[in-house]
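Numbering (our numbering), first residue to last: 418 to 532.
See below:
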């Protein structure tokens, strides 16, 4: 099994930056990819970005040019660099790791962007 734990959320003003981290542990050799999702109050969880085991990335249109996902394979950490944050980016951000037959989710980290 794989476990993931997020960190790095907080309160920031519009236009500011934050970097989220997600550390994976357990059977990390089974991970095919990792990603970030977010859920705002009253809304469904939505895709933000993913990165595959070979470094291929995909970002939601709403964050392209502002957010960047990256990973440190040696440390089993995935980052989400968030720049030019907007109030609509306010949400709980969840880390996800997936393998052939599983998905693992973290508990989430709150990001609040004030206007």
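C-beta atoms are modelled at their ideal positions from N, C-alpha and C, and glycine is treated no differently.
Since the structure is predicted, the reported quantities are computational estimates derived from the model, not experimental observations.
When C-beta atoms of the stretch 424–431 are compared with those of the stretch 467–475, fewer than three pairs fall below 8 Å, so the two segments do not count as touching. Between residue 469 and residue 449 a beta carbon distance of about 7 Å is seen, short of the 8 Å cut, so the two are scored as contacting.
Looking at the backbone, the Cα of residue 510 and that of residue 455 are separated by about 4 Å. In this structure, 507 is the residue among 452, 481, 443 and 507 with its C-alpha nearest to the C-alpha of residue 459.
Straight through space, the alpha carbons of residue 496 and residue 438 are spaced by roughly 5 Å. Within the stretch 441–518, complete beta strand (DSSP E) segments of at least 3 residues are found at 450–456, 463–469, 474–476, 484–489, 494–499 and 508–515, given in chain order. The alpha-carbon of residue 440 is positioned some 30 Å away from that of residue 532. The C-beta separation of residue 443 from residue 419 comes to about 5 Å, placing the pair in contact by the 8 Å criterion. With 16 or more other Cβ atoms inside 10 Å of its own Cβ, residue 488 counts as buried.
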